[in-house]
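The block underneath contains the structure these notes are about, expressed in structure tokens.
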Amino acid sequence: VRALARNARHIALLLRDRLTRDSWRLMHRPLPRFQSGDPETMGACCDELVERFAALARLTADGMSRTPAWQFLDLGICIERASIMLQAVHALVRGRASAEDLAALLDLLDCQPIYRSRYLSMPTIPPVLDMVLLDPVQPRGLAFQLARIEDHLASLPALREDGLPEDQLLLARQLRVRVQALRAEAVDPAELAELRDQLASLS
Numbered sequence: 001v002r003a004l005a006r007n008a009r010h011i012a013l014l015l016r017d018r019l020t021r022d023s024w025r026l027m028h029r030p031l032p033r034f035q036s037g038d039p040e041t042m043g044a045c046c047d048e049l050v051e052r053f054a055a056l057a058r059l060t061a062d063g064m065s066r067t068p069a070w071q072f073l074d075l076g077i078c079i080e081r082a083s084i085m086l087q088a089v090h091a092l093v094r095g096r097a098s099a100e101d102l103a104a105l106l107d108l109l110d111c112q113p114i115y116r117s118r119y120l121s122m123p124t125i126p127p128v129l130d131m132v133l134l135d136p137v138q139p140r141g142l143a144f145q146l147a148r149i150e151d152h153l154a155s156l157p158a159l160r161e162d163g164l165p166e167d168q169l170l171l172a173r174q175l176r177v178r179v180q181a182l183r184a185e186a187v188d189p190a191e192l193a194e195l196r197d198q199l200a201s202l203s
């Protein structure tokens, strides 16, 4: 995290005239301190960094014209979110998971209230996977991110001159169709690994 923050500040120096004052100040705020080995101070540090980087991402995106540069930035965010979601599901759901594991997964998507209102029950694996991976209207879920990835790739300037779809767009379409065809009860570690590999190839 420290290395990434340092790289971000270096890039910010190169783009100083294109950044808002708020973005510049946030980028150069020192990292919060924590006591090594102390879960309480480390957790507080992580919370602060999540808030800071979320604010920075929003400030950056809101300040950009909706040109191919913005589409490319948002494309990267969508790929990152989809990758994180697949990693989290693979780590937490291996055929069985506790209610606490599943609640953590729902928290990652900020969709605990939606889950409770839709299913009216404690978290269990199939409905959680349906919401996290397969629900096309869940804005932080995998299916939603894959749809945005496909839209962005279709809108970016073409690299080919023959008018045929490029490999990246074809792969994004394959990923989206594959997820659309999944059933929550049939998702297993092998399927998740293949989706992660395809997403890594797209990235």
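What the sequence shown shows, in this note's numbering, is residues 1 to 203, in sequence order.
Note that the Cβ used here is the ideal one computed from N, Cα and C, for glycine as well.
Under the assumption that residue i contacts residue j (Cβ atoms under 8 Å), give the Cβ distance between them as a whole number of angstroms.
i, j, result
"LEU134", "VAL179", "6 Å"
"ASP74", "ALA61", "7 Å"
"ALA172", "LEU202", "6 Å"
"CYS45", "GLN145", "Wrong, their Cβ atoms sit about 27 Å apart, outside the cutoff."
"LEU105", "VAL128", "6 Å"
"LEU108", "ALA88", "6 Å"
"PRO126", "ALA184", "4 Å"
"PRO32", "LEU49", "7 Å"
"ARG6", "LEU86", "Rounded, the Cβ-Cβ distance is 28 Å, inconsistent with contact."
"ASP22", "LEU59", "6 Å"
"LEU159", "GLU166", "6 Å"
Please list, in chain order, all residues of the same chain as residue i whose beta carbon is under 8 Å from its beta carbon, the five residues on each side excluded.
i, result
"LEU156", "PRO68, GLN71, PHE72 and LEU75"
"ALA103", "GLN112 and PRO123"
"SER117", "none"
Please return the same chain residues whose Cβ sits closer than 7 Å to the Cβ of residue i, not counting the five positions on each side in sequence.
i, result
"ARG9", "MET27 and HIS28"
Quick one: what's got a C-beta closer than 6 Å to residue i's C-beta in the same chain, skipping five residues either side?
i, result
"LEU175", "LEU146 and GLN198"
"GLY63", "THR20"
"SER36", "none"
Beta strand (DSSP E) segments (min. 3 residues) lying fully within the region 61-114: If we require 3 residues or more, the region 61-114 turns out to have no beta strand (DSSP E) run fully inside it.
Which runs of the alpha helix (DSSP H) at least 4 residues long sit entirely within the region 141-199? Give them in chain order. Qualifying alpha helix (DSSP H) stretches, in chain order: 142-155 and 167-180.
What are the uninterrupted segments assigned as alpha helix (DSSP H) that are 4 or more residues long and contained completely in the region 12-40, given in chain order? Correct list: 21-27.
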